[in-house]
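Colleague: Could you have a look at this structure, given as structure tokens, before my questions?
Residue numbers (the working numbering), protein chains in the order written: chain A, 26 to 746; chain B, 26 to 746.
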């Protein structure tokens with residue numbers, strides 16, 4: 026237990042806030058702060074290498090790149106940047122696509138050009154007409170824009186630019202955000218205010234935020250956005266709304282971002298006046314074809330549809346006795362003539378099969394491997410339950426070699442403390458991507474399934490369920506910006522290290538000072554394990570309160586579907602706790618490759634982080650550290666609380682490196698996280714103690730409230746519900 | 026008809042927006058931009074008169090005043106302002122309350138101090154110890170803060186400060202915003218996003234916006250805020266929420282702003298577990314007393330309750346056979362020991378009396394004159410129907426001499442184009458305040474009723490239904506900020522001229538350049554008449570579409586209560602149009618003083634702006650300009666459209682005076698307003714033409730769509746509904 030004690034009073038905080046009154050908006054600028062470089066040597070290197078910029082070409086995208094360089098360099102170098110008409114000067118940043126380069130220059134990047142894909146870029150120090158220049162080039166203008174953002178990142182993070190040959194291409198085609206945004210601007214599981222999309226004022230009012238949203242996404246390589254909730258409303262497909270979507274698509278297009286929509290499967294009935302939505306009915310098929318034509322007439326680069334079908338009450342092909350293949354392929358045929366795709370979600374679980382929800386998506390989808398159209402991609406959540414603080418990787422990854430699978434991560438913190446808890450999610454994403462499916466022997470990681478290299482898929486994709494809302498700081502918590510950022514970086518390259526990403530983000534967002542970067546990065550990297558510790562240690566899962574999912578609710582047992590109840594997942598009784606998914610139980614382990622199944626099946630080899638996910642374990646079971654399971658659980662909860670204490674202590678010393686507004690915001694939020702970590706600890710331990718019948722071990726603080734109190738808490742207006 | 030043609034394409038606008046990408050937030054700063062003074066002579070005068078600032082005292086409010094002067098003067102003068110420890114220097118701005126002044130200084134403002142009230146202030150050039158100084162003083166620290174904001178306003182508007190003796194006090198005690206904000210953060214009739222109050226993160230997270238909200242309000246003298254919707258939720262009165270309200274109250278207190286809540290009349294049942302909410306039941310009375318005690322224990326300066334009772338389905342004393350006096354007095358007794366008040370709304374109309382809604386509040390309330398407790402104030406909307414573009418003043422004003430009446434204005438544009446139409450509302454407010462009730466002979470203006478001077482009331486009040494939301498620019502439309510601003514200024518002094526307020530606002534918000542101020546002020550001042558022209562000319566009212574109130578809906582006739590239907594209000598038939606409220610009709614005119622009643626009764630003397638409000642008039646009736654009524658109506662609609670065209674043309678020439686982001690925002694919004702003005706014109710004229718059977722007169726453009734088309738439009742997700 027740390028010695029850290031929170032000395033917190035609201036009054037003190039407010040007093041401290043008073044001198045802050047400065048209409049400060051650094052929160053809004055995300056990782057594109059472009060503050061002046063502080064290190065004098067580095068600044069001098071930059072100044073001697075950057076005497077001006079030269080744009081080759083004048084497409085809208087090149088204009089954006091020019092503007093971004095102008096803003097970025099002016100801020101970073103602290104002086105006006107001149108835009109040169111030509112390359113007669115020296116030490117210029119010259120940027121333009123392959124087709125705009127002269128022969129001499131082209132020759133110098135020929136080799137690199139042959140290695141990049143259409144979205145890749147080259148940043149290379151070259152000599153042209155005897156003059157040293159910095160060239161940013163690519164096969165396309167969008168590639169150039171990505172190069173510009175990557176170049177600016179080098180400067181934002183104090184990297185040398187003296188001799189550059191930085192060549193990179195995205196490893197995944199579709200790098201996309203899913204907005205669970207409703208047409209009334211509420212956001213399902215949104216904790217950063219409300220939807221950015223002001224449908225009422227569209228199409229004629231283009232909010233500045235649409236542009237800044239596109240900038241931020243382009244800066245990290247995100248190239249697609251699904252504007253609407255997977256729990257879809259058919260009205261988005263009516264002409265009134267398509268016109269509004271078109272206006273957004275126009276803004277996003279120049280930033281290389283395609284727009285996608287969710288398709289409500291019953292739309293032909295609801296807005297088309299048909300009597301059925303049966304995917305094998307020709308009138309239904311034709312309705313979707315006409316609808317696709319209508320959309321593509323207005324939005325020629327429309328990305329396609331995302332569909333949640335026959336899942337949690339959403340309509341789908343099964344309503345008509347058809348299957349997922351029938352539904353997905355019908356939509357795929359409608360958008361195929363225009364190059365569109367269908368992202369079909371595998372998040373399904375039956376209300377008629379109470380045995381083990383963890384097996385169901387696998388059972389429902391894997392048999393269809395090879396039957397989907399070429400332009401269908403199956404969207405699979407990272408784990409088999411639902412975005413828990415920790416889940417083993419979803420067994421579908423690697424199990425459908427003939428079908429491209431798209432990774433669905435959740436950036437919004439539905440189960441991880443909303444926007445009040447600092448949890449650095451790229452650490453979680455990395456854990457999943459590095460997981461070994463063993464489907465083609467050791468080293469068959471999830472990342473290789475996702476990026477297509479494993480099974481040679483043409484379409485590859487990765488999805489982040491957005492944490493973006495209309496809060497001024499976009500994501501509710503200043504550090505939640507890192508999760509948007511990190512998702513984008515991992516979408517571009519799923520083999521990146523989350524620590525390196527955190528390093529970049531901290532430097533771009535706050536400061537390059539290592540006295541700040543090192544301790545705060547450590548805090549970020551530990552934060553995911555911390556939230557697991559104080560919410561769901563040792564493989565526990567789905568024990569949050571019901572509906573809003575805010576705070577603990579292990580006692581909830583009265584919901585209509587068994588698999589909605591926390592008691593279904595923890596199965597605590599006097600003998601022990603945990604869900605037996607081994608071959609002696611639900612046998613969900615059998616869905617994995619044999620090597621993995623064996624590992625998880627055996628309580629002795631099962632990693633303790635998944636212990637209660639796969640096994641029902643006696644309270645007296647001895648953990649690897651020699652503690653009993655009961656003591657181990659209790660100490661993990663305490664550890665989680667203590668770690669949040671340490672986070673508070675760390676942050677409290679960072680006031681000199683961060684503007685006062687953001688410093689205080691994070692401080693207030695860490696105080697809340699500490700309070701809520703205790704709430705989780707106390708509520709869960711008091712509840713489980715009823716079954717274990719044991720005392721709390723030494724080192725675990727006594728609960729401050731009774732179990733009755735915790736069970737009585739109600740949050741009728743918790744956000745995102 | 027103007028020659029102005031809108032050459033508008035979204036594409037052009039977006040292209041134009043590209044170079045804008047600058048994370049610009051001037052929108053957020055409201056009228057507190059504090060940009061550097063451009064006029065060199067004036068700047069030089071300021072510099073020679075302001076060498077530093079000296080704070081007398083160090084209360085939190087004085088600290089705020091110091092900070093504001095520091096920020097404001099640094100910006101305006103373009104240099105760092107030094108805070109002096111004492112007044113030894115010369116040309117200092119010295120500020121502090123009466124009690125902090127030394128004898129010599131006190132003597133110089135003694136006379137002024139005797140004329141101001143507790144919130145008043147004095148800004149005076151003085152000589153102390155032989156040195157010329159600028160003194161800002163008041164009886165209270167809040168008065169000093171008001172003085173500081175008023176001083177800064179002088180500088181923001183290029184006024185001379187060489188020899189000042191500016192003495193002012195608010196003429197109304199309670200200057201308050203009503204937020205129709207729900208606990209789920211939706212805002213009833215809110216068009217600027219969602220509620221500022223992030224209840225979920227309160228009390229521990231203090232959003233910077235709370236502080237900036239308080240600043241903005243204090244800067245215009247607003248001293249109260251009702252946080253919650255008049256259609257109330259009892260949960261706001263539970264301990265969980267009172268703790269959150271307490272946190273907001275703490276932020277607002279130092280800015281002189283008291284917090285008030287709406288009281289749901291049935292709260293004793295809903296959260297108190299009682300069987301009744303009968304105001305004469307002692308357990309109910311006691312419940313409210315205990316509740317008041319609980320609130321005041323946490324918030325000692327809690328302002329009191331606002332109540333909408335027995336109105337549009339809200340519970341109230343009539344549910345128990347009691348009356349408004351019983352209900353209001355019970356609550357008044359509960360808060361009286363703590364100095365609290367009850368604001369009881371008079372917005373009532375019976376569903377059982379379909380004769381004329383315009384008479385009902387009068388009939389229900391006036392008989393109770395003199396029966397309310399001293400700490401009850403009756404809150405009356407400006408007109409007898411509901412915040413229409415134009416209404417004659419409410420007949421209750423002046424009719425209840427023994428009861429203080431509070432003016433309720435609506436700043437949010439429920440019936441005036443939401444946040445897409447530029448309508449400068451202080452012009453409307455001024456028209457109402459200047460209206461003559463004739464209750465004590467000529468000159469008995471509404472303003473005199475409101476400010477208490479007419480009947481010597483101690484409590485006086487004025488309410489603005491807020492147009493504030495979590496949009497970055499606070500109010501959705503940059504010019505809607507002027508309505509918040511103007512309401513505050515008129516609340517302080519209801520005799521101010523709306524033109525002078527517009528002048529100040531434009532200079533503070535945009536520019537002091539007269540080439541900007543003069544034409545744009547003219548545009549603002551005309552804008553209210555313009556919206557009347559294109560929506561409801563000649564006394565038409567309540568012909569908007571139903572539910573959301575967006576756009577025209579004169580055809581709506583199917584709502585369950587007769588007085589909810591537009592047809593009830595316009596009564597168009599083949600003989601004519603208008604609601605006969607004269608003595609030959611509903612006799613609503615009789616509710617006014619005889620002089621006023623006579624004026625309105627007689628179609629010859631009734632001002633044409635109220636013609637169809639009070640009379641059913643033949644289509645062939647000759648207006649004062651010689652046109653028939655039909656032609657006159659049609660030409661008014663056209664005039665409204667043309668005037669919006671002129672607004673567009675005016676604004677289009679203002680690009681040099683305004684930052685690009687706000688310039689473009691206003692431009693896009695004016696384009697929408699133009700489109701929607703035509704929609705109103707076309708829909709209303711096509712509909713009324715069915716009854717008049719006449720051709721559109723020359724000069725009126727042909728409608729672009731059919732009536733069927735307009736009637737078919739649906740807006741299921743229009744905001745604020």
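The C-beta atom is built at its ideal place from N, Cα and C for all residues, glycine as well. What you are looking at is a predicted structure, and each value in this text was computed from that prediction instead of being measured.
Residue 226(A) versus chain B: which residues are under 7 Å apart at the beta carbon?
Modeller: Taking the first residue of the first chain as 1, we reach residue 226(A) at position 201. Under the 7 Å cutoff, chain B gives 445.
Colleague: Quick one: measure Cβ to Cβ for residue 274(A) and residue 356(A), integer angstroms, because I've assumed they're closer than 8 Å.
Modeller: Within the first chain, residue 274(A) is the residue found at index 249, counting from 1. Within the first chain, residue 356(A) is the residue found at index 331, counting from 1. The Cβ separation is near 19 Å, so there is no contact.
Colleague: Considering only heavy atoms of the ligand ADP, does any lie closer than 6 Å to the CB of residue 89(B)?
Modeller: Looking for the ligand ADP in the displayed structure turns up nothing, as the structure carries no ligands at all.
Colleague: Where residue 390(B) and residue 683(B) are concerned, what is the direct C-alpha to C-alpha distance, given to the nearest angstrom?
Modeller: As a first step, residue 390(B) is located in the second chain; it is residue number 365 there, counting from the start. As a first step, residue 683(B) is located in the second chain; it is residue number 658 there, counting from the start. Between residue 390(B) and residue 683(B), the C-alpha separation is close to 49 Å.
Colleague: Return helix, strand or coil for residue 639(B), following the three-state DSSP convention.
Modeller: As a working mapping, residue 639(B) is identified with position 614 in the second chain. Residue 639(B): helix per DSSP, three-state reduction.
Colleague: Looking at the unbroken beta strand (DSSP E) that takes in residue 494(B), where does it start and where does it end?
Modeller: Counting from one through the second chain, the residue named residue 494(B) turns up at place 469. From DSSP, residue 494(B) is part of no beta strand (DSSP E); its letter is neither H nor E.
Colleague: Entirely within the stretch 138-198 of chain B and at least 4 residues each: give me those alpha helix (DSSP H) ranges in chain order.
Modeller: 166-181
Colleague: How big is the Cα-Cα spacing for residue 661(B) and residue 563(B)?
Modeller: Here the question's residue 661(B) lines up with position 636 in the second chain. Here the question's residue 563(B) lines up with position 538 in the second chain. Going by the C-alpha atoms only, they are around 8 Å apart.
Colleague: Compute the beta-carbon to beta-carbon distance between residue 192(A) and residue 120(A), rounded to the nearest angstrom, for a pair I have assumed lies under 8 Å.
Modeller: Position 167 of the first chain, counting from 1, holds the residue named residue 192(A). Position 95 of the first chain, counting from 1, holds the residue named residue 120(A). Going by Cβ atoms, the distance from residue 192(A) to residue 120(A) rounds to 15 Å, so no, they are not a contact pair.
Colleague: Is it buried or exposed for residue 416(B), if we count other Cβ within 10 angstroms and need 16 for buried?
Modeller: Along the second chain, read from residue 1 onward, the residue named residue 416(B) stands at position 391. Buried, since its Cβ has 16 or more Cβ neighbours within 10 Å.
Colleague: Can you give me the C-alpha to C-alpha distance between residue 28(B) and residue 672(B), rounded to a whole angstrom?
Modeller: In the second chain, residue 28(B) corresponds to position 3, counting from 1. In the second chain, residue 672(B) corresponds to position 647, counting from 1. For residue 28(B), the predicted model reports a pLDDT of 43, less than 50, meaning its position is unreliable; a value from the coordinates is still stated below. Approximately 12 Å between the Cα atoms of the pair.
Colleague: Give the residues of chain A in contact with residue 495(B), contact being defined as C-beta atoms less than 7 Å apart.
Modeller: Mapped onto the second chain, residue 495(B) falls at position 470. Going along chain A in sequence order, the residues near residue 495(B) (Cβ under 7 Å) are 218 and 495.
Colleague: Tell me the residue span of the beta strand (DSSP E) that contains residue 245(B).
Modeller: Stepping through the second chain from its first residue, residue 245(B) is reached at position 220. Residue 245(B) -> not in any beta strand (DSSP E); alpha helix (DSSP H) instead, spanning 233-245.
Colleague: Could you check what DSSP says for residue 403(A) in three-state terms: helix, strand or coil?
Modeller: Counted from its first residue, the first chain places residue 403(A) at position 378. Here residue 403(A) sits in strand by DSSP.
Colleague: List the residues of chain B that residue 743(A) touches, going by C-beta distances under 8 Å, in chain order.
Modeller: Counted from its first residue, the first chain places residue 743(A) at position 718. Taking a Cβ-Cβ threshold of 8 Å, the residues of chain B close to residue 743(A) are 225, in chain order.
Colleague: Of all the CB atoms in chain A, is at least one closer than 7 Å to the CB of residue 688(B)?
Modeller: Start at 1 with the first residue of the second chain, and residue 688(B) comes out as number 663. Using a Cβ-Cβ cut-off of 7 Å, residue 688(B) does not count as an interface residue toward chain A, since no Cβ of chain A sits closer than that to its own.
Colleague: Does the CB of residue 233(B) have a neighbour CB from chain A at under 7 Å?
Modeller: As a working note, residue 233(B) is residue 208 in the second chain. Contacts with chain A at 7 Å (Cβ-Cβ) include residue 233(B).
Colleague: Give the residues of chain A in contact with residue 208(B), contact being defined as C-beta atoms less than 8 Å apart.
Modeller: As a working mapping, residue 208(B) is identified with position 183 in the second chain. Per Cβ cutoff of 8 Å: 741 and 742.
Colleague: In the DSSP assignment, what are the bridge partners of residue 80(B)?
Modeller: On the second chain, position 55 is the one that residue 80(B) refers to. Its beta-bridge partners are 120(B).
Colleague: With a threshold of 6 Å on Cβ separation, who are the neighbours of residue 560(A) within its own chain once the five nearest residues in sequence on each side are excluded?
Modeller: Along the first chain, one-based indexing puts residue 560(A) at 535. Closer than 6 Å at Cβ, skipping near neighbours: 414 and 705.
Colleague: With 16 as the cutoff for other CB atoms within 10 Å, does residue 734(B) come out buried or exposed?
Modeller: Reading the second chain from its first residue, position 709 is the one you call residue 734(B). So residue 734(B) ends up on the exposed side.
Colleague: Within the 7 Å Cβ cut-off, does residue 672(B) reach chain A?
Modeller: As a position in the second chain, residue 672(B) is number 647, starting the count at 1. Chain A, which has no Cβ nearer than 7 Å to the Cβ of residue 672(B), makes this no.
Colleague: Enumerated in chain order, which unbroken segments of the beta strand (DSSP E) with a length of 3 residues or greater are wholly contained in the stretch 427-493 of chain B?
Modeller: 430-435 and 486-490
Colleague: Pick from 507(B), 510(B) and 625(B): whose alpha carbon is nearest that of residue 609(B)?
Modeller: Position 584 of the second chain, counted from the start, is the residue given in the question as residue 609(B). Nearest Cα to residue 609(B) within the set 507(B), 510(B) and 625(B): 625(B).
Colleague: Residue 693(B) touches chain A at which residues, Cβ-Cβ below 9 Å?
Modeller: For this step, residue 693(B) is matched to residue 668 along the second chain. The answer, in chain order, is 226, 229, 230 and 231.
Colleague: Does residue 696(A) have its Cβ less than 7 Å from a Cβ in chain B?
Modeller: Residue mapping note: residue 696(A) aligns to position 671 of the first chain, counting from 1. It does: the Cβ of residue 696(A) has a partner Cβ on chain B nearer than 7 Å.
Colleague: Using the beta-carbon of each residue, which ones in chain B are nearer than 9 Å to residue 260(A)?
Modeller: Within the first chain, numbered from 1, the residue matching residue 260(A) stands at position 235. Those within 9 Å of residue 260(A) in chain B are 741 and 742.
Colleague: Under the three-state reduction of DSSP, which class applies to residue 254(B): helix, strand or coil?
Modeller: Your numbering for residue 254(B) matches position 229 in the second chain. Residue state, collapsed to three classes: coil.
Colleague: Classify residue 588(A) as buried or exposed, calling it buried when 16 or more other Cβ atoms lie within 10 Å of its own Cβ.
Modeller: As a position in the first chain, residue 588(A) is number 563, starting the count at 1. Its Cβ being crowded by 16 or more others within 10 Å, residue 588(A) is buried.
Colleague: Using DSSP's beta-bridge definition, name the partner residues of residue 330(A).
Modeller: Stepping through the first chain from its first residue, residue 330(A) is reached at position 305. In DSSP, residue 330(A) forms a bridge with 286(A) and 367(A).
Colleague: With respect to the alpha helix (DSSP H) encompassing residue 592(B), which residues constitute its N-terminal and C-terminal limits?
Modeller: The residue you call residue 592(B) lines up with position 567 of the second chain. From DSSP, the alpha helix (DSSP H) with residue 592(B) extends over 591-595.
Colleague: In the DSSP assignment, find the unbroken alpha helix (DSSP H) run with residue 613(A) in it and report its ends.
Modeller: By 1-based counting over the first chain, the position of residue 613(A) is 588. Note, residue 613(A): premise wrong, no alpha helix (DSSP H); not H, not E.
Colleague: Between which two residues does the alpha helix (DSSP H) containing residue 273(B) stretch?
Modeller: For this step, residue 273(B) is matched to residue 248 along the second chain. In this chain, the alpha helix (DSSP H) harbouring residue 273(B) covers 264-278.
Colleague: Just checking my contact of residue 102(A) with residue 494(A) at CB under 8 Å: how many whole Å lie between their CB atoms?
Modeller: Start at 1 with the first residue of the first chain, and residue 102(A) comes out as number 77. Start at 1 with the first residue of the first chain, and residue 494(A) comes out as number 469. 33 Å between Cβ atoms; not a contact.
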